[in-house]
Amino acid sequence: MHHFNYVKGELYCEEVPVREVAEAVGTPFYLYSRRTLTHHFRVFDGAFASVPHLTCFAVKANSNIAILALFAAEGGGADIVSGGELFRALKAGVDPAKIVYSGVGKKVEEIDYALSEGILMFNIESFQELEVVNERAARLGKKAGIALRVNPDVDPETHPYISTGLKENKFGVDIDAAIEAYSRAARLKNLDIRGVSCHIGSQLTKLSPFLDALDRLKILLGRLEMEGIDIRYLDLGGGLGITYRDEEPPHPSRYAEAIVDAAQELPVTFVFEPGRVIVGNAGILVTKVLYTKQNEGKNFLIVDAGMNDLVRPSLYKAYHAIQPLTRRRRRTIVADVVGPICESGDYLAKEREVPDFQPGEMLAVMSAGAYGFTMASNYNSRPRVAEVMADGKEWFVIRRRETMNDLVRGEVVPRSLKKKKE
Ligand SMILES: Cc1ncc(COP(=O)(O)O)c(C=O)c1O
5 MHHFNYVKGE LYCEEVPVRE VAEAVGTPFY LYSRRTLTHH FRVFDGAFAS
55 VPHLTCFAVK ANSNIAILAL FAAEGGGADI VSGGELFRAL KAGVDPAKIV
105 YSGVGKKVEE IDYALSEGIL MFNIESFQEL EVVNERAARL GKKAGIALRV
155 NPDVDPETHP YISTGLKENK FGVDIDAAIE AYSRAARLKN LDIRGVSCHI
205 GSQLTKLSPF LDALDRLKIL LGRLEMEGID IRYLDLGGGL GITYRDEEPP
255 HPSRYAEAIV DAAQELPVTF VFEPGRVIVG NAGILVTKVL YTKQNEGKNF
305 LIVDAGMNDL VRPSLYKAYH AIQPLTRRRR RTIVADVVGP ICESGDYLAK
355 EREVPDFQPG EMLAVMSAGA YGFTMASNYN SRPRVAEVMA DGKEWFVIRR
405 RETMNDLVRG EVVPRSLKKK KE
């Protein structure tokens, strides 16, 4: 369920006409619905009410601190993959004891930062990382909570770029090597083994890969118990898909039922790292048509948002629905909706049947709340767009549009390159 609906032909986000925001902040911009965000978080978290658990929102999906603060207020934790994400989570008020740190390439400074803040656990992805985290913890006189991210070698049946749980992927430690890694960890004095973690991919639309992974993890947990290694947290990662077009992913309550059914006897606190399922359908990208044209009989709508603002179509051939801000009867055309970036891959929709939009009209790129703004760049020296949150009848800018000065912030022209005055 989301809160983007037409009222008398006008697209609203909650009780706010999207056009009103567009007229005030200009285009393009991201617009999120607070009610949708809260609802999605509660549905997911609530689905696991019968077992001890922590819902650690995957910050990479949407890292705006207003959104993180909203989930923190709901009792959520955070799944981070960098020092920057840790900084954001802390700034938003996330309890460090509810933060898990994933990622294959944690740097020493980032490890130190996380240790000094006292996060719940590092999801360790290699033997070398075990040694480094132990060594840094020793230096700081701390014990690092750890889980080993194991790679269960199951096919999540999603786009190869967002599949992470197959043997050939770079993520995690091979499940067959996990016992050896845990034995190694048990001998390192500054590590406190807390959990087992796993994340097999994103935008999963079936339950079976999750359950296959869980079966393998249960076997591992049994073996660890025999080795006398105590596991208190089972982190099952994120990955639950959403409907962008006609996908029918399991509802979080079905996902939860299946997991709880398969694992409720385990004496662990479950950790989940949902991203997309919480924020994906809670946000849109609003853009304006600049020009329309035909090349070789093909229609193009040139809009003011590009792949630097929303890269998912270019990167994954992802589908995002395109909807008008004002709906009225008119003919439709088949067109490519493209941005202003100097790349042929810069598009938001390809060969799509859309209303016959005219220059100056605004449209909404739907389901853009996850991996939208967080993957935005300044390519072509385009300032990153504003982010806005609607809340009932009100709306707030939660990130102002970047300025030209933001574009060059931190850049320095060496004196020797400065043009001398004649
Ligand atoms: C380790 C980890 N956890 C959680 C997530 C969130 O995944 P999703 O947004 O599909 O729920 C990701 C995303 O790829 C991830 O890499």
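For the sequence shown, this note's numbering gives the first residue as 5, with consecutive numbering after it. Note that beta-carbon positions come from the ideal geometry of N, C-alpha and C, so glycine has one too. These numbers were taken from a predicted model, which means no experiment stands behind them.
Asked                                                                                                                 : Found
CB contact flag (P156, G122, <9 Å)                                                                                    : no
Three-state secondary structure assigned by DSSP to T330                                                              : strand
Residues of its chain near G245, where Cβ-Cβ distance is below 8 Å and the 5 sequence neighbours each way are ignored : T162, S206, Q207, L208, T209, E251, P253, R280, V281
R188 in three-state terms, based on DSSP                                                                              : helix
Alpha-carbon spacing of I197 relative to I128, whole angstroms                                                        : 11 Å
9 Å Cβ cutoff met for A372 and I288                                                                                   : yes
Supposed close pair S67, T273 - CB separation, criterion 8 Å                                                          : Not really, about 25 Å apart at Cβ, beyond 8 Å.
Y323 versus A380, R249, V358, residue with shortest Cα-Cα distance                                                    : R249
Limits of the alpha helix (DSSP H) - the one that T273 falls within                                                   : It is not in any alpha helix (DSSP H) - T273 instead sits in the beta strand (DSSP E) that spans 273-276.
Residue of H255, L211, V200, L240 minimising C-alpha distance to L228                                                 : V200
C-beta atoms of V290 and L352 nearer than 9 Å                                                                         : no
First through last residue of the beta strand (DSSP E) which encompasses S201                                         : 195-201
Euclidean distance between Cα positions of I6 and G79                                                                 : Checking the displayed sequence, the identity of residue 6 turns out to be His instead of Ile. Going from the Cα of H6 to the Cα of G79 covers about 21 Å.
Contact test: D83 Cβ vs ligand 1 heavy atom, cutoff 8 Å                                                               : yes
Three-state class that DSSP yields for F377 in the structure shown                                                    : helix
Pair within 9 Å by beta-carbon distance, A77 and G97                                                                  : yes
K292 - partner residues in DSSP beta bridges                                                                          : M366
Alpha carbon of P344 to alpha carbon of R334, nearest angstrom                                                        : 26 Å
Residue from T296, R356, K292 with nearest C-alpha to E27                                                             : K292
Pairwise C-alpha distance: F361 and K64                                                                               : 33 Å
Bridge-paired residues (DSSP) for G2                                                                                  : The requested residue 2 is not part of the displayed model; the chain covers only 5 to 426.
Reference K146; option with closest CA among Y375, S120, Q132, V154                                                   : S120
Beta carbon of V158 nearer than 9 Å to that of I204                                                                   : yes
Check: N127 C-beta below 8 Å from any heavy atom of ligand 1                                                          : yes
Close Cβ partners of L215 (< 7 Å) along its chain, the five nearest in sequence each way excluded                     : A262, A266
Closer than 8 Å: V315 CB and nearest ligand 1 heavy atom                                                              : no
Reference T407; option with closest CA among P213, L58, V389                                                          : V389
Contact under 9 Å by Cβ, T40 with A325                                                                                : no
Status (buried if at least 16 other CB within 10 Å, exposed otherwise) for Y34                                        : buried
Close beta carbons around L58, own chain, < 7 Å, minus the five adjacent residues each side                           : G81, K102, T273, V275
7 Å CB neighbourhood of T31 in its chain, flanking five on each side removed                                          : V290, T291, K292, D308, M366
Of the listed residues I179, T247, E269, nearest to A374 (C-alpha basis)                                              : T247
Buried/exposed call for M393, threshold 16 Cβ in 10 Å                                                                 : buried
In DSSP terms, what L238 is bridged to                                                                                : V200, F274
Beta carbon of V55 nearer than 9 Å to that of Q268                                                                    : yes
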